[in-house]
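K.L.:
Let me give you the structure first, and then I'll get to my questions.
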Amino acid sequence: MTVADRIRTLADETSFVLLAREGSDSVELLTGDLVDVENLADIPLGEGEDRREVFALVPYRQVRERGFEAQDDGAPLRCLVVREHLHLPFDEVRAALPSEPIDLHDGGFDLSDEDYAAIVERVIADEIGRGEGANFVIRRDYTATIDTTAPNAERIAALTWFRALLEHERGAYWTFAVVTPGVIAVGASPEAHVVAQDGVVTMNPISGTFRHPAGGSTVATLTEFLSSTKETEELFMVVDEELKMMSAVCADGGRITGPHLKQMSRLTHTEYMLRGRSRLDPRDILRETMFAPTVTGSPMQNACTVIRRHERKPRGYYSGVAALFTPNGEGGHDLDAPILIRTVYLDAGALSVPVGATLVRHSEPAGEVGETHGKAAGVLGAIGAVARDAVAEERADADAPGDGRTPGDDPGIQRLLASRNARLAEFWINPQDGAPAAETSVPFAGRTAVVVDAEDRFTTMLAHQLRHLGLSVRILSWAQAREEELDAADLVVAGPGPGDPRDGSSPRIARMREVVARRRADGRPLLAVCLSHQILADGLGIRLAALASPHQGLQKSVPVFGEDASIGFYNTFTARVAPGTTAVGIADVSADPVTGDVFALRGPGFASVQGHLESILSRDGMATLQRLVSHALG
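Quick note: the sequence shown uses my numbering, first residue 28, plus one each step.
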């Protein structure tokens, strides 16, 4: 059977996947048997000689496996157990696919621009403004219908749109068409959420959206985009959030490289690459990395709660992943899993294109509304459902020197990108050894620590840093940390978390108050971070207050007991003393000389810090952490 004949039979095929991966000159065709499973652990990979290749569509609702909130829409965790995996010549597949345009009817957003803008305002005021997190992604859907009276109309539409993406979208990590009963998805995802191959885990946080202007991008327009405070801070925040995940699954915590430009036909993003080593089952890696902060927010657990509060319907597969598990030569499976964004879904003639904007403290409602329009138009234009901007199909000749380079290759643009790393912690840029160092080379070898997680997985990064200082570290959630486990540790680290430290109704904050107060009462070593720093301050009689403007993803150089330190802050509340105060009772105070905002505390057996020393924004994080731990341990 020729390639053309095989492609023509797909309109009658019950289930199949077409896949074109970045940098490949072939299109992959996967066929096999469908099975829907309940949990990631149930994905039927098999073992030993019975190992199988499996393609899985993972819906957003699976995030409940991490204990996070999500509306349960019943979207199946759908697995195609592969019987046949063909690699077909790209050009032959493209030529064989249908190309007659598919007309859309009754198109428009499910939420009006005014309604979406109002949600943006509420999230900024009620969530970010009240300390619930640093950034949140709220979606809306472009919806339409197609004519389904012709035989196999939906399958033909999927094949048509897949061809259009192959022809008109560039820079996608995966271009794909997934056709199964009741679930059809066609997309061009720019982002590899998580890849595990030969023991190396890679994540690819992408953020910022620059919609190419008429005439194409130029050095000037790219410079303006890259100079945006919102865009820069947005990327740093998602890198921090994905490093939390990397630190949970990788022994070496993860190393960042970049940043780079991710240039597509109509949009440009900025990206980093994170790499680390892991021996976990790929299904466990996927579970611990559900889902990308670029399409949810941070901290991840509370982002899911905020999404539940503000989105009016379940997410389906939007922000989930497509995952291909492939048997490897070591007796296990490799994993390749891009994010399900820039995707068209089709069910019973109803089309939807979910898109979202990342809301941060600098967000303007009109700008976020415009971002959703740009993302939807990019998808619809790529599949030919709306008129394409011809200039978006190619570089602007005036800015391309004729040798294949783009405005993004301009030396000035590259210098502007590279300059971002000067702000970041070398600890996360340099290679890391995951094993604790030898006793002679670290200050706290042989000591133990328990980190109490108050629902912000910054604790995984913090634990990784503590291990590099020689400590043997366990992480326990606030709800599971038993007194005997805390008492047995040389050091208790009361961790960060979302919310108002003054909230008397929160069981989580009440428990963190107990942890801090009991440790202090016993005179045992304690380090308190961010939310727990505020709780400690309150216990010392220091006033707590809301900041006039949240410090979410903000880098500041602040005094920490005689030394200035560049630290990343993610706080909406602060402990505050009278300007010039250097001590309160038994505690030494390091505070802003003008506002009195408290950056750090120390006293007999305890120390605390408002900032996140583990953040990529904390250039002096490791040195400051060592100083504070040394004081607490005595």
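The C-beta atom is built at its ideal place from N, Cα and C for all residues, glycine as well.
Since the model is a prediction, treat every value here as computed from it, not as a measurement.
#1: Please report the distance separating the alpha-carbon of V418 from that of S379.
#2: Let me check understanding here. Comparing Cα to Cα, which of R646, V604, G198, A515 lies closest to V621?
#3: Which same chain residues end up closer than 8 Å to D437 when comparing Cβ atoms and leaving out the 5 residues on each side of it in sequence?
#4: Could you give the residue range of the alpha helix (DSSP H) that holds V30?
#5: Using C-beta distances below 6 Å, list every residue in its chain close to Y372, excluding the 5 sequence neighbours before and after it, in chain order.
#6: My output table needs one value for W505: the three-state DSSP class, helix, strand or coil.
#7: Would the beta-carbon of G67 fall within 7 Å of that of R314?
#8: Could you tell me the distance, in whole angstroms, from the CA atom of V479 to the CA atom of R197?
#9: By alpha-carbon positions, which one of G497, P458, L193 ends up nearest to S53?
#10: Output needed for R91: all residues of its chain with C-beta closer than 8 Å, excluding positions within five of it in sequence on either side, in chain order.
#11: Give, in chain order, every unbroken run of the beta strand (DSSP E) that is at least 3 residues long and sits entirely within the stretch 272 to 342.
#12: Determine the burial state of P428: buried for a count of at least 16 other Cβ atoms within 10 Å of its Cβ, exposed for fewer.
#13: What are the boundary residues of the alpha helix (DSSP H) that R149 is part of?
#14: Please report how far the alpha carbon of P103 lies from the alpha carbon of T651, in whole angstroms.
#15: For T187, report the span of its alpha helix (DSSP H) as first-last.
#16: Checking the sheet assignment: what are the DSSP bridge partners for F626?
#17: Once DSSP output is grouped into helix, strand and coil, what is the label at F596?
#18: By DSSP's criteria, E111 is part of a beta bridge. Which residues make up the other side?
#19: Within the stretch 502 to 548, note down every full alpha helix (DSSP H) run reaching 4 residues or more, in order along the chain.
#20: Taking all protein chains shown into account, decide if S642 is buried (16 or more other Cβ within 10 angstroms of its Cβ) or exposed.
#21: In the DSSP assignment, find the alpha helix (DSSP H) that holds T651 and state where it starts and stops.
#22: What are the boundary residues of the beta strand (DSSP E) that includes F82?
#23: Go ahead and label D426 buried or exposed: buried means 16 or more other beta carbons lie within 10 angstroms of its beta carbon, across all protein chains shown.
#24: Which of the three DSSP states is assigned to R157 in this structure?
#25: Within the same chain, show all residues whose beta-carbon is closer than 7 Å to that of L443, passing over the 5 residues directly before and after it, in chain order.
#26: Is the number of C-beta pairs between the stretch 123 to 143 and the stretch 358 to 372 that are closer than 8 Å three or more?
#27: Based on DSSP bridge pairs, tell me the residues matched to C106.
#28: Would you grab the beta carbon distance between R93 and P326 for me? Rounded to a whole angstrom, and I think it's under 8 Å.
#29: In the structure shown, what three-state DSSP assignment does T170 receive?
#30: My assumption, with CB atoms under 8 Å, is that R293 sits in contact with G405. Please give the rounded CB distance.
#31: Could you compute how far the alpha carbon of P320 sits from the alpha carbon of R529?
#32: Is G285 buried or exposed, if buried means 16 or more other CB atoms sit within 10 Å of its CB?
#33: Looking only at C-alpha atoms, which of P178, H220, A481 sits nearest to M539?
#34: Could you tell me which whole alpha helix (DSSP H) segments of length 4 or greater appear in the stretch 553 to 604?
#35: How big is the Cα-Cα spacing for Y87 and G343?
#36: What residue range does the alpha helix (DSSP H) around E397 cover?
P.N.:
Let's see:
#1: Since pLDDT at V418 reaches only 38, below the 50 mark, its modelled position is unreliable, and no value is offered.
#2: Distance check between V621 and each of R646, V604, G198, A515 places V604 closest, using alpha-carbon atoms only.
#3: Around D437: V246, L249.
#4: Residues 30 to 35.
#5: Closer than 6 Å at the Cβ level, and outside the excluded window around Y372, lie A212, S379.
#6: Looking at W505 - three-state DSSP - the assignment turns out to be coil, as it is neither helix nor strand.
#7: A small correction: the amino acid at residue 67 is Leu; Gly does not occupy that position in the sequence shown. Going by beta carbons, L67 and R314 fall inside the 7 Å limit.
#8: Rounded to the nearest angstrom, the two C-alpha atoms are 45 Å apart.
#9: Nearest neighbour of S53 by Cα position, chosen from G497, P458, L193, turns out to be L193.
#10: Correct list, in chain order: A97, D99.
#11: Correct list: 282 to 290, 294 to 304.
#12: Note that P428 scores a pLDDT of 40, beneath 50, so its modelled location is shaky; the value from the coordinates is reported in the next line. Per the 10 Å Cβ criterion, exposed.
#13: Run containing R149: 140 to 149, per the alpha helix (DSSP H) assignment.
#14: Taking the straight line joining both Cα atoms gives about 47 Å.
#15: Here the alpha helix (DSSP H) through T187 covers 180 to 195.
#16: Bridge partners of F626: none, in fact.
#17: DSSP places F596 in strand when its eight states are reduced to three.
#18: As DSSP reads the structure, E111 sits in a beta bridge with T58.
#19: Qualifying alpha helix (DSSP H) stretches, in chain order: 510 to 515.
#20: Looking at its Cβ environment, which holds 16 or more other Cβ atoms inside 10 Å, S642 is buried.
#21: DSSP places T651 inside the alpha helix (DSSP H), whose first and last residues are 648 to 660.
#22: Boundaries of the beta strand (DSSP E) around F82: 81 to 85.
#23: For D426, the pLDDT reaches just 38, beneath the cut-off of 50, and the residue's location in the model is therefore unreliable, although a value from the coordinates is still provided. With a threshold of 16 other beta carbon atoms within 10 Å, D426 meets it and is buried.
#24: Under the three-state reduction of DSSP, R157 is assigned to helix.
#25: Here the set comprises T250, L253.
#26: Inter-segment contact for the stretch 123 to 143 and the stretch 358 to 372 is absent: fewer than three beta-carbon pairs are separated by less than 8 Å.
#27: Beta-bridge pairing links C106 to V62, A83.
#28: Incorrect: roughly 12 Å between the Cβ atoms, too far for contact.
#29: Correct three-state label for T170: strand.
#30: About 4 Å separates the CB atoms of R293 and G405; that is less than 8 Å, so the two are in contact.
#31: Annotation: P320 to R529 spans about 27 Å, alpha carbon to alpha carbon.
#32: Sixteen is the threshold: when 16 or more other Cβ atoms of the shown chains lie within 10 Å of the Cβ of G285, as they do, the residue is buried.
#33: Comparing Cα-Cα distances from M539 to each of P178, H220, A481, the minimum goes to A481.
#34: Within the stretch 553 to 604, the complete alpha helix (DSSP H) runs of at least 4 residues are 558 to 566.
#35: In a straight line, the C-alpha of Y87 is about 6 Å away from that of G343.
#36: Inspection of the sequence shows that residue 397 is occupied by Gly rather than by Glu. Residues 392 to 409.
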